[in-house]
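K.L.:
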Amino acid sequence: MRRFRRIKIKGYKGLLDGLLVSTGRTWVLFRDNPYDYLLDGFVFVRKKFLLREVESEAVAFKREIFDLKGEFMDNYLDLNLDADRELFTYFQKTGGLVSVGRHVEHSILVGWVEEVYERSFRLRLVDRRGNILGTRSLSYDVIRSVGFGNDYLKSLMLMMRSPKYLRLIGEQGSIEVGR
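Per the working numbering, the sequence shown starts with residue 26, numbered consecutively.
#1: Does aspartate 103 pass the burial test, meaning 16 or more other C-beta atoms within 10 Å, or should it be called exposed?
#2: Between the alpha carbons of leucine 63 and leucine 40, how many angstroms are there, rounded?
#3: Report the three-state DSSP secondary structure of arginine 149 (helix, strand or coil).
#4: Excluding the five sequence neighbours on either side, which residues of its own chain have a C-beta within less than 7 Å of the C-beta of arginine 144, listed in chain order?
#5: With DSSP as the reference, label threonine 48 as helix, strand or coil.
#6: On the three-pair Cβ rule with 8 Å, is the segment 149 to 158 touching the segment 129 to 140?
#7: Relative to the C-alpha of asparagine 18, which residue among His128, Arg169 and Ser124 is closest?
#8: With distances taken from CA atoms, which of Val135, Thr51 and Val167 is nearest serine 180?
#9: Between Val70, Asn58, Leu106 and Met185, which has its C-alpha nearest lysine 87's C-alpha?
#10: Helix, strand or coil for serine 187? Go by DSSP, reduced to three states.
#11: Could you give the residue range of the alpha helix (DSSP H) that holds arginine 30?
#12: Just how far apart, CA to CA, sit lysine 38 and glycine 66?
#13: Going by the CB atoms, is the gap between valine 53 and lysine 72 shorter than 7 Å?
#14: Between which two residues does the alpha helix (DSSP H) containing valine 144 stretch?
#15: Which two residues bound the contiguous beta strand (DSSP E) that contains leucine 64?
#16: So is valine 171 buried or exposed if we call it buried at 16+ other beta carbons inside 10 Å?
#17: Considering only residues of the same chain and omitting the five flanking positions on each side of serine 187, which have a CB-CB separation below 8 Å?
#18: Need the endpoints of the alpha helix (DSSP H) that phenylalanine 74 sits in, please.
#19: Can the beta-carbon of lysine 33 be found closer than 7 Å to that of leucine 76?
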C-alpha cells in the first residue's frame with residue numbers, strides 16, 4: 026500500500042506527491058514528497074476533495090526510486106482516519122503546529138489546535154515568523170488538507186521555544202507549543 030502517488034485535490038491547480046500511508050472513511054494519510062526524492066512530514070487529505078490519481082512516466086520513475094529506497098517503514102502514525110474529531114484531538118494533544126489548507130491552494134493557516142468540537146476546531150494562529158496572531162474557528166468540512174511534522178513546522182516550533190522569542194513575547198504570557 027505504501028507506494029508513491031501523485032494526486033489531484035479539488036480546487037487546486039497543483040498536484041500532491043507523496044507515499045500513501047493509510048486510508049480511512051474521511052481522511053487519506055500521505056508522507057509528503059515536496060520535491061525530488063525527499064520525504065518531509067505528513068499530509069492528511071480529506072477524502073471528499075481527493076479527485077484522482079495522476080499517472081505518467083515521471084510518476085512511474087519516482088515510484089521506482091521510492092521502492093528502491095525502501096521508504097515504507099511500518100512505524101508511521103497510527104491514527105483513526107475515519108473521524109475528524111479524533112484526528113484533531115490527536116493534533117491538540119501533541120501540541121505541534123499544523124498547516125491547514127482550505128479552498129485556496131497556496132494560502133494556508135498555521136497554528137496549533139487549541140480546542141476540538143463536534144463539527145469544528147479552534148486554531149491558535151501564528152505567522153511565518155512565529156508571531157501569535159489570534160484564533161480562528163474552522164469547520165472540518167472546509168478543510169482540504171492538513172500538514173504535520175514537516176521541517177517548516179518543526180523549525181517554527183524550535184524558534185518559538187527559543188529564549189530570544191520567549192523574551193520578545195514577554196507580557197503576552199507563555200506559549201505551549203510542542204509541549
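Built from N, CA and C at the ideal position, the CB exists for glycine as well. Bear in mind that the values here come from a model prediction, so they are computed numbers and not experimental data.
P.N.:
Let's see:
#1: As a working mapping, residue 103 is identified with position 78 in the sequence shown. Exposed.
#2: As a first step, residue 63 is located in the sequence shown; it is residue number 38 there, counting from the start. As a first step, residue 40 is located in the sequence shown; it is residue number 15 there, counting from the start. Their backbone Cα atoms lie some 16 Å apart in a straight line.
#3: Taking the first residue of the sequence shown as 1, we reach residue 149 at position 124. Looking at arginine 149 - three-state DSSP - the assignment turns out to be strand.
#4: Along the sequence shown, one-based indexing puts residue 144 at 119. Cβ-Cβ distances below 7 Å link arginine 144 to Ser164 and Tyr165 in the same chain, with the five nearest sequence neighbours on each side left out; the list follows chain order.
#5: Indexing the sequence shown from 1 puts residue 48 at position 23. Threonine 48 falls in the strand class under three-state DSSP.
#6: Contact between the segment 149 to 158 and the segment 129 to 140 is present, because at least three Cβ pairs lie under 8 Å.
#7: Here the chain covers residues 26 to 204 and nothing more, so residue 18 does not appear.
#8: Your numbering for residue 180 matches position 155 in the sequence shown. Residue Val135 holds the alpha-carbon nearest to the alpha-carbon of serine 180 among Val135, Thr51 and Val167.
#9: Counting from one through the sequence shown, the residue named residue 87 turns up at place 62. For the residues Val70, Asn58, Leu106 and Met185, the minimum Cα distance to lysine 87 belongs to Asn58.
#10: For the purposes of this step, residue 187 is taken as residue 162 along the sequence shown, with counting starting at 1. In the three-state scheme derived from DSSP, where H, G and I count as helix and E and B as strand, serine 187 is classed as coil.
#11: Position 5 of the sequence shown, counted from the first residue, corresponds to residue 30. Taken as a continuous stretch (DSSP letters only), arginine 30 belongs to no alpha helix (DSSP H), being part of the beta strand (DSSP E) at 29 to 34.
#12: Within the sequence shown, numbered from 1, the residue matching residue 38 stands at position 13. Within the sequence shown, numbered from 1, the residue matching residue 66 stands at position 41. Cα to Cα, the separation comes out at about 22 Å.
#13: Taking the sequence shown and counting its residues from 1, one reaches residue 72 at position 47. Taking the sequence shown and counting its residues from 1, one reaches residue 53 at position 28. Closer than 7 Å, so yes.
#14: Locating residue 144 in the sequence shown gives position 119, where the first residue counts as 1. A small fix is needed here, since residue 144 is arginine in this sequence, not valine. Element bounds for arginine 144: n/a, residue is neither H nor E.
#15: Indexing the sequence shown from 1 puts residue 64 at position 39. Per DSSP, leucine 64 is not a residue of any beta strand (DSSP E), being assigned neither H nor E.
#16: As a working note, residue 171 is residue 146 in the sequence shown. Flag for valine 171 reads buried.
#17: What you label residue 187 is simply residue 162 of the sequence shown in a count that begins at 1. Cβ within range, chain order: n/a, list empty.
#18: As a working mapping, residue 74 is identified with position 49 in the sequence shown. Element bounds for phenylalanine 74: n/a, residue is neither H nor E.
#19: Here residue 33 refers to the residue found at position 8 of the sequence shown. Here residue 76 refers to the residue found at position 51 of the sequence shown. Cβ atoms of lysine 33 and leucine 76: closer than 7 Å.
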